[in-house]
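Participant: After the structure tokens below, expect a handful of questions from me.
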Amino acid sequence: MHNNNWVFTTAFCVLLSLPSYTLATQKNKNQRKQIDTSILELAYQQLVLNNAKNTKQLKTKQNNLKQRAAIIAKKQLRIPYRWGGSSPKKGFDCSGLIQYAFKKANIFLPRTAASQYKQTKRISLAQMQTGDLIFFHTRRRKQVRVNHVGIYLGKDQFIHAPRRGKTVSIAKLNNYWKRKVVGAGRI
Numbered sequence: 229m230h231n232n233n234w235v236f237t238t239a240f241c242v243l244l245s246l247p248s249y250t251l252a253t254q255k256n257k258n259q260r261k262q263i264d265t266s267i268l269e270l271a272y273q274q275l276v277l278n279n280a281k282n283t284k285q286l287k288t289k290q291n292n293l294k295q296r297a298a299i300i301a302k303k304q305l306r307i308p309y310r311w312g313g314s315s316p317k318k319g320f321d322c323s324g325l326i327q328y329a330f331k332k333a334n335i336f337l338p339r340t341a342a343s344q345y346k347q348t349k350r351i352s353l354a355q356m357q358t359g360d361l362i363f364f365h366t367r368r369r370k371q372v373r374v375n376h377v378g379i380y381l382g383k384d385q386f387i388h389a390p391r392r393g394k395t396v397s398i399a400k401l402n403n404y405w406k407r408k409v410v411g412a413g414r415i
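In this note's numbering, the protein residues as written are 229 to 415.
Okay, here's the thing in structure tokens:
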């Protein structure tokens, strides 16, 4: 597969150089060469199709990993909240839960909710899919714009580690939480 991509990439580069080559041969009246570009155009089309197929496969794999992270997070239900916690044995804070679940799914995220927010691609709430992250501002003071995160599960639900005295749980994205949403992000 890599070898085919190399061939098509080379053909594409040759195709890109044709206009200058054709111009150079037209300047030389003794050498009028007709270049059949149909083979190169076909190679270019194949390269585009292969890249589209690879992109689709990559997105499918990424979606599967995000769904796996959501399943791993669900297995942590009822684990106690612990500030700075990032394991089932010690407990979880919100970003520790997210980092743990995604790491188990082979996706590596930074440790804090704010850093995780910066690493994701912004999407609207309407675009959220299972495994996307939803970010909140839950404090009265605005020292940090994003200070809480959860994994979207679909059907207006997300899993998170809420606060001291609580456990990892699934919450409904109700009016309370919607007022606190900063944004949604996709890995």
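Note that the Cβ used here is the ideal one computed from N, Cα and C, for glycine as well.
Since the model is a prediction, treat every value here as computed from it, not as a measurement.
Kindly indicate the opening and closing residues of the alpha helix (DSSP H) around L325.
Facilitator: Taken as a continuous stretch (DSSP letters only), the alpha helix (DSSP H) holding L325 covers C322 to K332.
Participant: Take Q417 as the anchor and find which of K289, G312 and C322 has the nearest alpha-carbon.
Facilitator: Nothing about residue 417 can be read from this structure; the chain reaches only from 229 to 415.
Participant: Suppose contacts are defined by Cβ-Cβ distances below 7 Å. Is R414 in contact with D360 by that definition?
Facilitator: yes
Participant: For Q327 versus S315, is the C-beta distance shorter than 7 Å?
Facilitator: no
Participant: Spell out the partners DSSP gives K400 in its beta bridges.
Facilitator: Q385
Participant: Is the CB-CB distance between Y364 and V396 below 7 Å?
Facilitator: Position check: residue 364 holds Phe in this sequence, whereas Tyr was assumed. The answer is no: Cβ separation not under 7 Å.
Participant: Could you tell me which of K370, H376 and K406 sits nearest to P390, measuring between CA atoms?
Facilitator: For P390, the nearest C-alpha among the options comes from H376.
Participant: Identify the residues that DSSP records as bridge partners of Y380: which are they?
Facilitator: Per DSSP, the beta-bridge partners of Y380 are F386.
Participant: Using CA atoms only, rank isn't needed, just tell me which of R367, I362, I351 and N292 is closest to L492.
Facilitator: This structure does not reach residue 492, given that the chain is present from 229 up to 415, and the question cannot be answered.
Participant: Determine the burial state of A412: buried for a count of at least 16 other Cβ atoms within 10 Å of its Cβ, exposed for fewer.
Facilitator: buried
Participant: I need the DSSP call for I299, collapsed to helix, strand or coil.
Facilitator: In this structure, I299 counts as helix in the three-state DSSP scheme.
Participant: Do G319 and I300 have their CB atoms nearer than 7 Å?
Facilitator: no
Participant: Could you give the residue range of the alpha helix (DSSP H) that holds K346?
Facilitator: A341 to Q347
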